[in-house]
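Here is the structure we will look at.
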Amino acid sequence: MISHLIDLLFVVLVTFLAAGLGSGFLRLLHVRFLSRLEEVVVCATCGLGLLSYLVLGLGLCGILTRGALVALLLVTALLSCVMARPKGGGGRKERSGNPELWTRWDSLLIGWAAVICCFALCCALAPPSTGDFDSLSYHLASPKIYLSHHRIHYIPFDHHSNFPFTMEMLYTLGLALHGPVTAKLFHFVAYLLTVACLYLFGSRHISRRTGLIAAVVFAITPVVFSEATTAYVDVGLALFTVLGFYSVFEWRFGKRSEWWIPASLFGGWMMGTKYLGVVLFFSLVGVAAVATKLSGQRDSSCGKEGRFPLMPVLRVLVLAGLIASPWYIKTCLSTGNPVYPFAYSVFHGRNWDSAMEKSYWKEQKSYGDRSLEGFLMTPWRVSLYPFNPAPIRYEVQPSVTSAVGPLYLVFLVPLLFVGKPPPVKALLGTVAFLTITWFLMMQYNRYLVPCLALLSLPVGYAVDALQQRSRPLQWAANVALIVLGAGLLGLNVCVNAGPLSAGLGLVSEEQYLTSTLDQYSMFQWINTNLPPDAKIVTYGEPRGFYLDREYLWGDPGHHKLIDYRRVHSYHDLKREWQRLKSTHVLVNQRWFSLSEKKGALQGLIEGALEKGELELIHETHRGQFLLMRIK
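Note that the sequence shown covers residues 12 to 642 in my numbering.
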């Protein structure tokens, strides 16, 4: 528990320093705030984005050490003090033409949101395990490699490390300060800030009740709840997305001319967090352009009214592009392709080829159903996943942790029969565009998280609208929200019982990892028994975070370090391994079974093992994991 308190202390401290940095930075840009909540949410998120880029700068300069990162935090603290708001310079009170009365229902919603977030925090305090597959593969594994080399560099065996890594820079900071739980908690902070921003968004542009319900609906969504307890990036992307749209609404509908700056900042970090952020950003630009055109607004900096009326939107495009550009420039310099490994036919790229591109896209499009029937049935199937009867997958393996749940679908239906204010119409239009894009690109449930964040506001409005109607409708809406919400909360707690027990300290981290992570015992044996200069080539096991020896993925399809087209015998394979200075081979037979012999590669490895050309030195889980020494 003491370790967990230290994790929390570090994350609270860093977030506090980031909020001070963001406040000073935005104050220099003359961005004003109407409420304390608005200032805290916007400044904390802005500060975390700035801090992420400062970590990137240290990594590119080759001084990514714990000492340098601590010094960075000290400089951040100093800057926060220097740029702190002078006394009497607080933000203006929030304007409200029709102040809403606080009710017991509102208090209940706040208490409900607090309970959900407390459960999520307890789960987030567990060390990364089975639910952190991608974290153990690259979200945390790549930062660990960077820290071991004290610099950010090209990782040739992992194409994911060339993605935009804004959130991963915060994870790098967390790993350096204390460990993986500290790193994970930065994603939980993004979860809290997103929930707070949804309340703020609804309060400012629709109604306070809408904001409260939207916050609860988003927080309780299983895929969101589970993501908040991991070191993934989708909730972080949702935070930048919601704040980006909030900034555009304040700028165009709230007539706060300086808010094009936060819109640009958050738009840049959307694109700097994930390639999907590019699609989200252009949907944001579309909303800004339409709002500008319809309202006929002009900014004083644009000159005469007769000149290009969309110049403010162009400024957002340019500034956001500049903010996102470091990641795309870095990737281009490392691989020759700014969006590596995508668009290979246009840009080509290092350690990749057209066959791998086709295989990659085939895997991406293996999820969901792209037929007309699939399009019409998608809302129903996604809402019931993984319990729907149709054999459609929206995740690698069916899991409740990637479920969306029925709340969104249930309360979207009433929106067809009630009047909708302009903000709700704009959000619904954006969600429709993003849903179609998701349907055409990759139907993966967690890629919907930013879209669900925006959709939760129309859902909140639908519940609020029903509560303003007849008593039967009011009771029906309240009962549906309470019953479905309570069911989802119970489901989240049950599914995450393991992380919850570890987060509460009911079992030790060692016991938890040994019982839940199949490769952990093998990795611990390797860390204890193999020499420090050992280098392991892995097959069927990309989750290398807990491995303290140098390693690389050997599976075909990840890279071209090993040219398997030239491998016709074990001696050819051994030559390739030795060229890469590999000393050992690790096989996870769950994903790379030697006994099935589906491919020539498996047969070569098994044959070498049987002939003694590979020496089996350790195995775990009844032969699932095999560690062999290359003779």
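C-beta atoms are modelled at their ideal positions from N, C-alpha and C, and glycine is treated no differently. Everything numeric in this text was worked out from a predicted model, so none of it was measured.
(message) Checking 8 Å against the spacing of the C-beta atoms, do H216 and F251 come in under that value?
(response) no
(message) Quick check on K376: buried or exposed, where buried means 16 or more other Cβ atoms within 10 Å of its Cβ?
(response) exposed
(message) Suppose contacts are defined by Cβ-Cβ distances below 8 Å. Is L625 in contact with V578 by that definition?
(response) no
(message) To the nearest angstrom, how far is the alpha carbon of V506 from that of L558?
(response) 27 Å
(message) If you reduce the DSSP assignment to three classes, tell me which class W113 lands in.
(response) coil
(message) Whole angstroms are fine: how far does the CA of S356 sit from the CA of T205?
(response) 37 Å
(request) Mind reading off the beta-carbon distance from A225 to L468? Whole number of angstroms is fine, and I expect it under 8 Å. (result) 5 Å
(request) Could you spell out the range, first to last residue, of the beta strand (DSSP E) harbouring N599? (result) 595-599
(request) Could you check what DSSP says for K546 in three-state terms: helix, strand or coil? (result) strand
(message) Once the 5 residues before and after W123 are set aside, which same chain residues still bring their CB inside 6 Å of it?
(response) V227
(request) Quick one: grab the DSSP three-state call for F264. (result) coil
(request) Would you mind reading off the limits of the beta strand (DSSP E) that contains R77? (result) Not the beta strand (DSSP E): R77 falls in the alpha helix (DSSP H), residues 77-93.
(message) Let me make sure I understand the geometry here. Which of G142, Y562, L328 has the alpha-carbon closest to that of K546?
(response) Y562
(request) Please say whether P434 and F260 have beta carbons closer to each other than 8 Å? (result) yes
(request) Take the Cβ of L89 as the centre, count every other Cβ of all protein chains shown within 10 Å, and call the residue buried at 16 or more, exposed below. (result) exposed
(request) With a threshold of 16 other CB atoms inside 10 Å of the CB of L203, please say whether the residue is buried or exposed. (result) buried
(request) Can you give me the Cβ contacts of L211 inside the same chain, cut-off strictly under 8 Å, excluding the 5 residues immediately before and after it? (result) S46, L48, E49, V52, G222, Y257
(message) Suppose the cutoff is 7 Å on Cβ atoms and the five residues either side in sequence are ignored; what does the same chain contact list for Q17 look like?
(response) The sequence given here has Ile at residue 17, not Gln. Answer for I17: H189, listed in chain order.
(request) Decide if K642 is buried, meaning its Cβ has at least 16 other Cβ atoms within 10 Å, or exposed. (result) exposed
(message) Suppose the cutoff is 7 Å on Cβ atoms and the five residues either side in sequence are ignored; what does the same chain contact list for V246 look like?
(response) H198, A201, Y202, T205, V235, E238, A239, V460
(message) On the DSSP bridge list, what partners appear for Y562?
(response) I547
(request) Indicate the three-state DSSP secondary structure (helix, strand or coil) for I231 in the structure shown. (result) helix
(message) With DSSP as the reference, identify every bridge partner of T631, one or two as the case may be.
(response) F636
(request) Go ahead and pull the three-state DSSP assignment for E49. (result) helix
(message) Quick check: the Cα distance between L515 and K373, rounded to an integer number of angstroms?
(response) 41 Å
(request) Grab me the residues of G314's own chain with a C-beta within less than 7 Å of its C-beta, minus the 5 sequence neighbours each way, in chain order. (result) Reliability fails at G314, whose pLDDT of 45 lies under 50, so the model's placement of it is uncertain and the value that follows must be treated cautiously. Correct list: empty, nothing qualifies.
(message) At the level of alpha carbons, what is the spacing between F358 and Y550?
(response) 29 Å
(message) With distance defined between alpha-carbon atoms, name the residue in G614, G385, L591, Q530 nearest to Y405.
(response) G385
(request) Quickly, what does DSSP pair E406 with across the bridge? List them, please. (result) Per DSSP, none; premise fails for E406.
(request) In the DSSP assignment, find the unbroken alpha helix (DSSP H) run with K373 in it and report its ends. (result) 365-375
(request) Identify, in the order they occur along the chain, each residue of the same chain with its Cβ nearer than 6 Å to the Cβ of E617, setting aside the five sequence neighbours on each side. (result) L605
(request) Please go through the same chain and pick out, in chain order, the residues whose beta-carbon is closer than 7 Å to the beta-carbon of C648, but skip the five residues on each side of it. (result) There is no way to answer for residue 648, as the model of the chain reaches only from 12 to 642.
(request) Would you tell me roughly how many angstroms separate the C-alpha atoms of G610 and F603, rounded to the nearest one? (result) 10 Å
(message) For a quick check, are the C-beta atoms of S218 and D475 less than 8 Å apart?
(response) yes
(request) Pull up the distance between the alpha-carbon of I537 and that of Y531, whole angstroms please. (result) 10 Å
(request) State the DSSP-derived secondary structure class of L459, mapped to helix, strand or coil. (result) helix
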